[in-house]
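*Asks:* My questions will all concern the structure given below.
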Amino acid sequence: GEFARVDDIEMDVRGESKLFFCDPNRSDQKGRIEKNHTLIRDILPKGSSFDNLTQEDINLVCSHVNSVRRASFNGKSAYELFAFTYGEELATLLGISKIDPENVIQSPRLLDK
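Okay, here's the thing in structure tokens:
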């Protein structure tokens with residue numbers, strides 16, 4: 081499961097990082113992250129293996145998920161808010177790019193090769 085290798089995830093090449101978890105059944109502690117989870121699951125349905133995903137695949141999924149316009153962001157996308165706040169250069173360094181709304185794909189076919 082997603083919590084099976086917490087110790088491995090918390091260790092990185094420079095030392096240690098910390099993971100924090102919400103209490104069970106407390107969606108109020110998650111802020112807006114649940115929307116991202118839903119959008120990711122549109123592309124990678126529950127039961128999908130992540131084992132063969134490349135970094136390029138992950139960047140593609142993140143680019144599409146973060147390019148979806150949301151009413152909660154006043155019609156802007158998460159990408160647009162991030163780029164406005166931190167700059168497009170940082171988004172590019174992170175491997176995330178803006179996808180025009182008419183080209184956003186929110187289904188498993190995004191990763192069809």
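Taking our numbering, the leading residue of the sequence shown gets 81, the next gets one more, and so forth.
Idealized CB from N, CA, C, for every residue including glycine.
Quick check on this structure: which residue in 167, 145 and 117 has the alpha carbon closest to the alpha carbon of residue 158?
*Replies:* That would be 145, whose Cα lies nearest to the Cα of residue 158.
*Asks:* Going by other Cβ atoms of all chains shown within 10 Å of its Cβ, with 16 needed for buried, is residue 142 buried or exposed?
*Replies:* Buried: at least 16 other Cβ atoms inside 10 Å.
*Asks:* Let me confirm a value: residue 163 is counted as buried when at least 16 other C-beta atoms fall within 10 Å, else exposed. Which label applies?
*Replies:* Classification for residue 163: buried.
*Asks:* On a CA-only basis, which of 193, 192 and 186 is nearest residue 120? Give me that one, please.
*Replies:* Answer by Cα proximity: 186.
*Asks:* In angstroms, rounded to a whole number, what distance separates the CA positions of residue 100 and residue 156?
*Replies:* Distance between the alpha carbons of residue 100 and residue 156: 28 Å.
*Asks:* Could you tell me whether the Cβ atoms of residue 147 and residue 178 are closer together than 7 Å?
*Replies:* Yes, the pair counts as a contact, with Cβ atoms nearer than the cut-off.
*Asks:* Alpha helix (DSSP H) containing residue 88: first to last residue?
*Replies:* Per DSSP, residue 88 belongs to the alpha helix (DSSP H) from 86-90.
*Asks:* Is it right to say residue 176 is buried, meaning 16 or more other beta carbons lie within 10 angstroms of its own, or is it exposed?
*Replies:* So residue 176 ends up on the buried side.
*Asks:* Identify the residues that DSSP records as bridge partners of residue 156: which are they?
*Replies:* BP columns for residue 156 point to 150.
*Asks:* Take the Cβ of residue 84 as the centre, count every other Cβ of all protein chains shown within 10 Å, and call the residue buried at 16 or more, exposed below.
*Replies:* It counts as exposed.
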